[in-house]
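Encoded as structure tokens, the structure appears first; notes follow it.
Numbering (the numbering used here), first residue to last: 5 to 614.
Below, the structure is given as structure tokens:
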């Protein structure tokens with residue numbers, strides 16, 4: 005499993021995000037007490053290797069400066085290795101861009117492996133799987149390619165294949181970083197199977213393989229917090245920070261770990277120490293503000309912290325947006341009067357993410373033969389306001405589970421109980437609206453995760469949906485992204501399907517990362533990629549038979565979601581009970597009636613290859 009995932013939420017002391025995974029059927033290897041002998045990476049430019057050394061010693065800023073200097077000089081590998089640093093710093097979009105630049109310069113196994121990591125941590129799991137397949141096919145292939153490919157496969161729910169790739173990587177060995185990453189992936193693999201003992205064993209082996217790289221210690225700290233051992237995590241944090249000296253990046257990372265782990269006595273001190281080290285540092289300011297708001301309800305204190313950080317860096321989108329919505333939703337101040345003198349222009353990051361979200365939705369609609377959605381400013385504002393309502397109340401039980409898409413009038417930041425109420429509050433005039441919220445880390449991933457699901461897909465690829473708006477909010481590992489879609493009046497129309505007839509590159513599975521959970525009790529995810537059909541919102545759909553035929557023409561066992569049962573009266577869906585076969589062509593065959601008139605729909609699609 006990767007460091008970050010497609011999330012479903014759970015209610016813990018401070019919103020903790022997790023993924024429920026299932027066991028592979030193959031027997032699991034046990035953790036070795038002795039690291040595999042390592043080998044030199046050999047073909048990395050010595051200047052890139054020197055920047056790596058700075059990175060692995062915890063000099064993140066120095067290493068980044070070196071990578072960027074080498075990139076400007078056109079040194080192969082510089083962008084690719086920079087992407088790995090950016091991914092560890094949770095700068096996912098920058099990481100993907102750097103990795104893509106690295107592959108464009110030199111498409112070797114190492115650069116493709118690092119693109120796989122960047123895409124996977126940015127939650128483009130399908131893209132990561134495709135890049136990983138290229139990485140292990142490139143010659144000569146490195147062990148890191150197999151390790152990072154295994155990570156993407158695991159996040160796609162393809163655990164048997166992930167295990168095979170890890171075993172291959174382990175047999176090849178590698179330098180200290182590669183060996184530590186292999187151990188780290190085994191730790192993630194065992195965590196996915198609920199084997200805490202082996203997870204801990206492999207996490208400790210990763211530290212032994214690369215003891216001076218702070219990220220290894222941070223993994224152990226996160227493990228202890230995740231296993232309700234805050235005192236042990238605190239001791240390890242103090243030890244790490246004592247060994248590395250004053251380091252803003254590590255102070256923030258330790259504070260984020262403490263906050264998400266519910267250690268609300270330690271997190272404020274760490275954020276404060278980071279803020280003292282880097283006046284106006286956006287990450288530290290956001291952490292301090294979140295604690296003020298969500299835990300202490302000190303809204304004015306949070307305002308002052310954020311205002312100071314914005315003065316230090318008027319380009320910080322995270323600080324700007326948090327301060328704007330704190331003013332708008334809670335303090336009832338005019339954001340323009342408060343923020344305008346400091347930052348006359350809204351930072352471009354949100355606009356870019358809104359475009360990415362809209363592009364992802366329209367790509368799916370184009371595949372289905374549907375007209376593109378337009379961006380609606382009222383839906384944008386409603387989505388963004390709800391994202392900050394979530395951050396304002398992240399410690400409250402009302403926002404967990406299915407509560408992620410509703411608002412409680414007793415909590416600060418309330419603008420409407422339902423998504424459509426919030427849309428109307430901000431001026432949306434369309435007939436209908438639906439809100440899709442999740443804990444994805446990038447805008448495109450928010451939409452793609454919805455499209456790859458059972459319930460959340462349906463409004464995106466609905467013929468009657470005409471507009472969309474996107475919002476996002478983030479403090480450290482606490483993330484929410486929101487897509488609001490607007491539709492016209494319910495009408496009639498021919499059946500539309502997804503995946504579309506003739507569509508290629510369809511994912512193999514659905515990893516069951518949706519809230520509410522669509523799968524029946526006893527279902528074992530991952531299951532096959534969802535197949536859906538819907539007619540006009542004013543119509544009554546009844547399904548007589550719905551079948552999925554495999555490449556051999558035989559019917560595949562499925563779970564079905566009939567009209568009016570979990571889905572709308574004009575909607576239907578099914579998933580194969582097992583993941584689909586990579587590279588295979590499947591045919592869906594549906595018969596039934598629409599307003600009493602019989603219909604038959606038959607179409608085929610092809611699953612992405614290895």
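Note that CB positions come from ideal geometry on N, CA and C, so glycine has one too. Computed from a prediction, not measured in an experiment: that's the story for all the values here.
Per DSSP, residue 590 is not a residue of any alpha helix (DSSP H); the beta strand (DSSP E) it occupies stretches across 589-598.
No Cβ-Cβ contact shorter than 7 Å links residue 543 with residue 462. The beta carbon of residue 522 is closer than 7 Å to those of 458, 459, 565, 570 in its chain, skipping five residues each way along the sequence.
DSSP, read as helix, strand or coil, puts residue 376 in coil.
Scanning 144, 128, 149 for the CA closest to the CA of residue 137 turns up 149. The straight-line gap separating the alpha-carbon atoms of residue 512 and residue 613 is approximately 9 Å.
For residue 193, the three-state secondary structure derived from DSSP is helix. Sixteen is the threshold: when 16 or more other Cβ atoms of the shown chains lie within 10 Å of the Cβ of residue 423, as they do, the residue is buried. Straight-line spacing of the CA atoms in residue 272 and residue 295 works out to 7 Å.
Closest in alpha carbon position to residue 446, among 303, 396, 355, is 355. Residue 535 sits in a strand when the DSSP states are folded into three classes. In this structure, residue 144 lies away from residue 109, with their beta-carbon atoms at least 7 Å apart.
Residue 420 has no beta-bridge partner at all, per DSSP. Distance check between residue 284 and each of 475, 186, 252 places 252 closest, using alpha-carbon atoms only. Here the alpha carbon of residue 247 sits roughly 24 Å from the alpha carbon of residue 286.
DSSP, reduced to helix, strand and coil, places residue 142 outside both helices and strands of the structure shown, so it counts as coil. Residue 241 counts as buried, since at least 16 other C-beta atoms from the protein chains shown sit within 10 angstroms of its C-beta. In this structure, residue 417 sits away from residue 299, with a CB-CB distance that is not shorter than 7 Å.
The secondary-structure analysis by DSSP pairs residue 580 across a beta bridge with 562.
Residue range 436-442 is occupied by the beta strand (DSSP E) that includes residue 442. Taking a C-beta distance under 7 Å as the contact criterion, residue 147 and residue 166 do not qualify as a contact pair.
Partner residues in the beta bridge of residue 474, as assigned by DSSP, are 487. For the pair residue 465 and residue 369, the CB atoms are nearer than the 7 Å cut-off.
By the 16-neighbour rule on beta-carbons within 10 angstroms, residue 388 is buried. In this structure residue 592 is not in contact with residue 545, their Cβ atoms being roughly 15 Å apart against a cut-off of 8 Å.
The segment 437-452 makes contact with the segment 121-131; the number of CB pairs closer than 8 Å reaches 3 or more. For residue 602, the enclosing beta strand (DSSP E) starts and ends at 601-610. Only buried fits residue 226, as 16 or more other CB atoms lie within 10 angstroms of its CB. Under the three-state reduction of DSSP output, residue 114 falls in the helix class. Classified as exposed, residue 548 has fewer than 16 neighbouring CB atoms from the shown chains inside 10 Å of its CB. Excluding the 5 residues flanking it on each side, residue 102 has same chain C-beta neighbours closer than 7 Å at 83, 86, 87, 90, in chain order. A distance below 7 Å separates the beta carbons of residue 481 and residue 260. Look at residue 238 here: in three-state DSSP terms it is helix. With a threshold of 16 other beta carbon atoms within 10 Å, residue 436 meets it and is buried. In the three-state DSSP reduction, residue 567 falls in the strand class (E or B). Separation of residue 470 and residue 601 (C-alpha to C-alpha, rounded to the nearest whole angstrom) is 27 Å.
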